[in-house]
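Undergrad:
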Amino acid sequence: MTCIFYALALVMSFLIVYVLIPPFSRLAFKLDFVDKPRKNVERKLHREPIPLTASYAIFIGFFITYIAVAREINWETGALFLGGVLLLTIGTIDDWYKTKGKDFPALPKMLVQVSAAVLVYLSGNVFTGFFNPFSGEYVVLPVILQFVLTILWIFGVTTVINFSDGLDGLAGGLSAISGITLFVVALTMGQSNSAMMAIILVGVTLAYLRFNKPPAKVFMGDAGATFLGFLLAVIALDGAFKQATVLSLFIPILAIGVPIFDNIFVVIKRFLQGKAIYEADASQVHYRLLRAGLNNKQALMVLCLVSTCFGLSSIILMLVQI
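Heads up: the sequence shown begins at 1 in the UniProt record's numbering, then just goes up one per residue.
#1: Measure from the alpha carbon of L303 to the alpha carbon of each residue in I251, G169, V185, then state which is nearest.
#2: Please report the straight-line C-alpha distance between Q191 and L119, rounded to a whole angstrom.
#3: Does at least one heavy atom of the ligand GTP sit under 7 Å from the Cβ of L231?
#4: Assess contact between the segment 240-260 and the segment 298-312, defined as three or more Cβ pairs (one per stretch) separated by less than 8 Å. Is contact present?
#5: Return the Cβ separation of F127 and Y138 in integer angstroms, given the expectation that the two are a contact with Cβ distance under 8 Å.
#6: Are G229 and T158 closer than 8 Å when you measure CB to CB?
#7: Determine whether the beta carbon atoms of K98 and D35 lie at a separation below 8 Å.
#8: Does the separation of the CB atoms of L52 and A28 fall below 8 Å?
#9: Here's the rule I'm using: 16 or more other beta-carbon atoms within 10 Å means buried, otherwise exposed. How should N212 be labelled?
#10: Please classify N162 as buried or exposed, where buried requires at least 16 neighbouring CB atoms within 10 angstroms.
#11: Measure the C-alpha to C-alpha separation of A244 and G136 and round it to an integer number of angstroms.
#12: Just to confirm, is the Cβ distance from D222 to G91 under 8 Å?
#13: What's the C-alpha gap between R288 and G129?
#14: Does DSSP classify V157 as helix, strand or coil?
#15: In this structure, how does DSSP classify T2 when only helix, strand and coil are distinguished?
#16: Only counting runs of 3 or more residues, tell me where the beta strand (DSSP E) segments fall wholly within the segment 59-146, in order along the chain.
#17: Taking all protein chains shown into account, do 16 or more other C-beta atoms lie within 10 angstroms of the C-beta of W75, making it buried, or fewer, making it exposed?
#18: With 16 as the cutoff for other CB atoms within 10 Å, does I58 come out buried or exposed?
#19: Buried or exposed: P108, going by 16 or more other Cβ atoms within 10 Å of its Cβ?
#20: Using CA atoms only, rank isn't needed, just tell me which of K100, D94, G124 is closest to Q113.
#21: Can you list, in chain order, the stretches of the alpha helix (DSSP H) that have 4 or more residues and sit fully within the segment 282-312?
#22: Given a cut-off of 8 Å, decide if Y66 and M196 are closer than it, judged by their beta-carbon atoms.
#23: In terms of alpha-carbon separation, which member of T226, A70, N193, F24 lies closest to A236?
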């Protein structure tokens, strides 16, 4: 696949999302589908109602571009689409609860996220094993372990991107950086389908960031954040994890390093404190930076810089493996 197709996909996905966000935002105000400020809730940093409809523009922009440019419609594409629809639906319900000042139960969200991951597994996009660095042989994992690791990876990345969506520009910025990293990795490894998905993801997130940079004019809500996390997980599974060695297994982990490592820390901390692991609070690194005295833009720049360093480390590790 030539560079022209990747450039076309980047521009097309950007323009679709950029054009769709304003009308969706106007519709959100008419339907009162907005994130309202809530007093005494540390996670609510904004002071004005913000539309929660960017997720639909992102979803439409991604799939229209992918089908138009990649022209690859198969069971894997169908599973990706159906999984995205599931996440968008449960995310919309969750976001609707938030507009009413309520919290949606965590269990239904978890079950739907696992269901989306199972669809991907059934489509054949699976973590099957790795190359033994000593013998050069490919180690095929037992089927049950393939299933568990695939589901855990997709569910985990979907969750950590969602948990990172607490600061203007953060989830979109981290997803864009991770997308660029995975695009470079896939392109270098000759995995054109993964590279195409990654560059489209970059396009939709860059368009979203035009409206979500501080101070944000629109949010993507849980619906959009879980969808982006789902895409990143699938792209890594379809690309960087394929034909991986033991060492190169860290390539996708580093590519999505900031939300992964931050939320591992948060989960361990919550577990030790006897708190619910899956419920949202203000323990993520971006909230800690704000409490340390940084403003939104400063915290965003710090975390995007760290994410860029992780991304470069991921690319260097990949080049060492070649």
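Idealized CB from N, CA, C, for every residue including glycine.
Computed from a prediction, not measured in an experiment: that's the story for all the values here.
TA: This is what the structure gives:
#1: Counting from one through the sequence shown, the residue named residue 303 turns up at place 303. Considering only alpha carbons, the answer is G169.
#2: Working through the sequence shown from its first residue, we reach residue 191 at position 191. Working through the sequence shown from its first residue, we reach residue 119 at position 119. Taking C-alpha positions only, Q191 is separated from L119 by approximately 22 Å.
#3: This structure simply doesn't include the ligand GTP, nor any ligand for that matter.
#4: With a cut-off of 8 Å on Cβ pairs, the segment 240-260 is in contact with the segment 298-312, counting three or more such pairs.
#5: Walking along the sequence shown from the start, residue 127 turns up at place 127. Walking along the sequence shown from the start, residue 138 turns up at place 138. Cβ atoms of F127 and Y138 stay farther apart than 8 Å, at about 13 Å.
#6: Position 229 of the sequence shown holds residue 229. Position 158 of the sequence shown holds residue 158. Result yes, Cβ atoms of G229 and T158 sit closer than 8 Å.
#7: As a position in the sequence shown, residue 98 is number 98, starting the count at 1. As a position in the sequence shown, residue 35 is number 35, starting the count at 1. In contact: K98 and D35 (Cβ atoms closer than 8 Å).
#8: One-based indexing of the sequence shown puts residue 52 at position 52. One-based indexing of the sequence shown puts residue 28 at position 28. Taking 8 Å as the cut-off, the beta carbon of L52 is found closer than this to the beta carbon of A28.
#9: Looking up residue 212 in the sequence shown gives position 212. Flag for N212 reads buried.
#10: Position 162 of the sequence shown holds residue 162. Its Cβ being crowded by 16 or more others within 10 Å, N162 is buried.
#11: Here the question's residue 244 lines up with position 244 in the sequence shown. Here the question's residue 136 lines up with position 136 in the sequence shown. Distance between A244 and G136, taken at the CA atoms: about 11 Å.
#12: On the sequence shown, residue 222 is found 222 positions in, with the first residue counted as 1. On the sequence shown, residue 91 is found 91 positions in, with the first residue counted as 1. Between D222 and G91, the gap from beta carbon to beta carbon is short of 8 Å.
#13: Looking up residue 288 in the sequence shown gives position 288. Looking up residue 129 in the sequence shown gives position 129. In a straight line, the C-alpha of R288 is about 37 Å away from that of G129.
#14: Here residue 157 refers to the residue found at position 157 when the sequence shown is read from its first residue. DSSP places V157 in helix when its eight states are reduced to three.
#15: Translated into the one-based positions of the sequence shown, residue 2 becomes position 2. T2 falls in the coil class under three-state DSSP.
#16: Contiguous beta strand (DSSP E) elements confined to the segment 59-146 occur at 129-131, 138-140, taking only those with 3 or more residues.
#17: Here residue 75 corresponds to residue number 75 of the sequence shown, with the count starting at 1. In this structure W75 is exposed. Its beta-carbon is surrounded by fewer than 16 other beta-carbon atoms within 10 angstroms.
#18: To locate residue 58, count along the sequence shown from 1; it is residue 58. In summary, I58 is buried, with 16 or more beta-carbon neighbours lying within 10 Å of its beta-carbon over all protein chains present.
#19: Here residue 108 refers to the residue found at position 108 when the sequence shown is read from its first residue. By the 16-neighbour rule on beta-carbons within 10 angstroms, P108 is exposed.
#20: In the sequence shown, the residue the question calls residue 113 occupies position 113. When only C-alpha atoms are compared, the closest one is D94.
#21: List check, alpha helix (DSSP H) in window: 285-291.
#22: On the sequence shown, position 196 is the one that residue 196 refers to. On the sequence shown, position 66 is the one that residue 66 refers to. The answer is yes: Cβ separation under 8 Å.
#23: For this step, residue 236 is matched to residue 236 along the sequence shown. Closest in C-alpha terms to A236, from the list T226, A70, N193, F24, comes N193.
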